[in-house]
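Colleague:
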Amino acid sequence: MTTHRKPDAADHAEPELQRHFDATIARDQRVEPRDWMPDGYRRTLIRQIAQHAHSEIIGMQPEGEWITRAPSLRRKAILFAKVQDEAGHGLYLYSAAETLGADRADLTERLIEGRQKYSSIFNYPTPTFADVGVIGWFVDGAAICNQVPLCRSSYGPYARAMVRVCKEESFHQRQGYELLSTMMRGTGAQRAMVQDAVDRWWWPSLMMFGPPDGDSPNSAASMAWKIKRHSNDELRQRFVDMTVPQAEKLGVTLPDPELRWNEERGRHDFGTPDWAELTRVIRGEGPCNAQRMERRRRAHEDGAWVREAATAHAAKRRARADEGAAA
Ligand SMILES: [Fe+2]
Ligand SMILES: [Fe+2]
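Numbering (UniProt numbering), first residue to last: 1 to 327.
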């Protein structure tokens, strides 16, 4: 038997749907694409997932520059696989954004027009091969701190994407650390190269977690919706605590005179990143912002014929299928 909705049913639908959504979040269950969700939740997720996807794709550039110059076949194969993984992460995440009704071409357009951001970290240069190692160690390490809690994010497709992505990120971090420990067993010049890269990447890596909690306007809503599980400062602290013993083992010095173990807190105290620098880099004034965007734009234009050819091919296949069905 069908029940007929009264004409005003739609007016009452939303509070009921909202209650159902709130209960799903409260029970730590996943919100799925077919479920009703508040507009703000959807918008926040699209922004976060798109920004994450853009970061994976732009993040291919700084290390990609070293693929043709890797010092051995083994290093080239590892780096090639790593950069390819990042492309996969990007595509995976664009697909997750599409489950929310976003359009991938539109998201790319927004990135290229500068209306959507990517992680500030990828606007720093990679002048030596040690940078490849330090990016793996610090940047992929920071990504792991950020992304492991996202495996429990309230939005199902995003959480599931993160499970696979995190497995690959941990390989990325280890290849970086292994590269650096090889260099540290090498010549004095190689050790100096590693220390120099550590000095340049340490503070920008701490900035990857975003501004301090007090200045992070979107965090509160994301935490309430359980999209995000930990605050920026908490994740930054975890990264520091994880990295300090690794630096000691490697034999490098982290460039922070205030860095020390705090017995009482059971955690490390550390200095304050230069937040003005983060603001400048986000505003587009980092050392490589223009270069990264220019290369992304060019890659998009160079790929136009592939997209057109794929669209034309899909149309022909559809037409053939229709003919077959009509016959
Ligand atoms: Fe990645
Ligand atoms: Fe990675």
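Even for Gly, the Cβ is constructed at its ideal location relative to N, Cα and C.
Counting only runs that start and end within the region 28 to 93, where is the alpha helix (DSSP H) found for 4 or more residues in a row?
Modeller: Listed in chain order, they are 39 to 58, 60 to 64.
Colleague: Pull up the CB-CB distance for Leu100 and Ile57, whole angstroms please, since I reckon it's below 8 Å.
Modeller: To locate residue 100, count along the sequence shown from 1; it is residue 100. To locate residue 57, count along the sequence shown from 1; it is residue 57. Wrong, their Cβ atoms sit about 18 Å apart, outside the cutoff.
Colleague: For the region 103 to 113 and the region 266 to 277, state whether three or more C-beta atom pairs, one from each stretch, are separated by less than 8 Å.
Modeller: No, the region 103 to 113 does not touch the region 266 to 277.
Colleague: I want to know whether the region 207 to 224 touches the region 250 to 264 - three or more CB-CB distances under 8 Å.
Modeller: No, the region 207 to 224 does not touch the region 250 to 264.
Colleague: Going by other Cβ atoms of all chains shown within 10 Å of its Cβ, with 16 needed for buried, is Trp225 buried or exposed?
Modeller: The residue labelled residue 225 in the question sits at position 225 within the sequence shown. By the 10 Å Cβ count, Trp225 comes out buried.
Colleague: Just tell me which of Ala319, Arg283, Arg75, Arg318 has its CA closest to the CA of Asn182.
Modeller: Along the sequence shown, one-based indexing puts residue 182 at 182. Per the sequence shown, the amino acid found at residue 182 is Thr instead of Asn. If we check each option's Cα against that of Thr182, Arg75 comes out closest.
Colleague: Is Ala143 near ligand 1, going by C-beta to nearest heavy atom under 7 Å?
Modeller: Your numbering for residue 143 matches position 143 in the sequence shown. Yes - ligand 1 has a heavy atom lying nearer than 7 Å to the Cβ of Ala143.
Colleague: DSSP on Asp269, reduced to helix/strand/coil?
Modeller: As a working note, residue 269 is residue 269 in the sequence shown. Here Asp269 sits in strand by DSSP.
Colleague: Leaving out five residues on either side along the sequence, give the residues of the same chain with a beta carbon under 7 Å from the beta carbon of Ala9.
Modeller: In the sequence shown, the residue the question calls residue 9 occupies position 9. Any reading at Ala9 must be qualified, since the residue scores a pLDDT of 45, below 50, and its modelled position is unreliable; the value itself is stated next. Contacts found: none.
Colleague: Quick check on DSSP: helix, strand or coil for Trp202?
Modeller: Here the question's residue 202 lines up with position 202 in the sequence shown. If DSSP states are grouped into helix, strand and coil, Trp202 belongs with the helices.
Colleague: Alpha carbon to alpha carbon, how far is Ala77 from Ala325? Give it in angstroms, no decimals.
Modeller: Your numbering for residue 325 matches position 325 in the sequence shown. Your numbering for residue 77 matches position 77 in the sequence shown. C-alpha separation (whole angstroms): 47 Å.
Colleague: What did DSSP end up calling Asn262 once you bin it into helix, strand or coil?
Modeller: Position 262 of the sequence shown holds residue 262. The answer is strand: DSSP assigns Asn262 an E or B state.
Colleague: Suppose you measure from the CA of Thr2 to the CA of Asp35; what does that come to, to the nearest Å?
Modeller: Start at 1 with the first residue of the sequence shown, and residue 2 comes out as number 2. Start at 1 with the first residue of the sequence shown, and residue 35 comes out as number 35. Any reading at Thr2 is ruled out, since the residue's pLDDT is 40, under 50, leaving its predicted position unreliable.
Colleague: Closest by CA to Asp22, which one among Ala319, Val244, Tyr155, Glu248?
Modeller: Within the sequence shown, numbered from 1, the residue matching residue 22 stands at position 22. Nearest C-alpha to Asp22: Tyr155.
Colleague: Which class does Tyr155 belong to by DSSP, given the choice of helix, strand or coil?
Modeller: Working through the sequence shown from its first residue, we reach residue 155 at position 155. Correct three-state label for Tyr155: strand.
Colleague: Roughly how many angstroms separate the alpha carbons of Leu179 and Phe122, rounded to a whole number?
Modeller: Here the question's residue 179 lines up with position 179 in the sequence shown. Here the question's residue 122 lines up with position 122 in the sequence shown. Between Leu179 and Phe122, the C-alpha separation is close to 20 Å.
Colleague: Going by DSSP in three states, Val306 sits in which element: helix, strand or coil?
Modeller: Here residue 306 refers to the residue found at position 306 of the sequence shown. Helix at Val306.
Colleague: Grab me the residues of Trp203's own chain with a C-beta within less than 6 Å of its C-beta, minus the 5 sequence neighbours each way, in chain order.
Modeller: To locate residue 203, count along the sequence shown from 1; it is residue 203. Counting only Cβ-Cβ distances below 6 Å, and skipping sequence neighbours, we find Pro273.
Colleague: Between Gln51, Asn146, Glu65, which lies nearest to Glu234 when the distance is taken from Cα to Cα?
Modeller: In the sequence shown, residue 234 corresponds to position 234, counting from 1. With distances taken between Cα atoms, Glu234 lies closest to Asn146.
Colleague: Would Leu93 and Ile49 qualify as a contact pair, given that the criterion is a beta-carbon distance under 8 Å?
Modeller: Position 93 of the sequence shown, counted from the start, is the residue given in the question as residue 93. Position 49 of the sequence shown, counted from the start, is the residue given in the question as residue 49. Result yes, Cβ atoms of Leu93 and Ile49 sit closer than 8 Å.
Colleague: Examine the Cβ distances between the region 284 to 297 and the region 213 to 221 and report whether three or more of them are shorter than 8 Å.
Modeller: These segments do not touch.
Colleague: How would you label His4, buried or exposed, when you count the other beta carbons within 10 angstroms and need 16 or more for buried?
Modeller: The residue labelled residue 4 in the question sits at position 4 within the sequence shown. The predicted model places His4 with a pLDDT of 42, which falls under 50 and marks its position as unreliable; any figure quoted below should be read in that light. His4 is exposed by the Cβ-count criterion.
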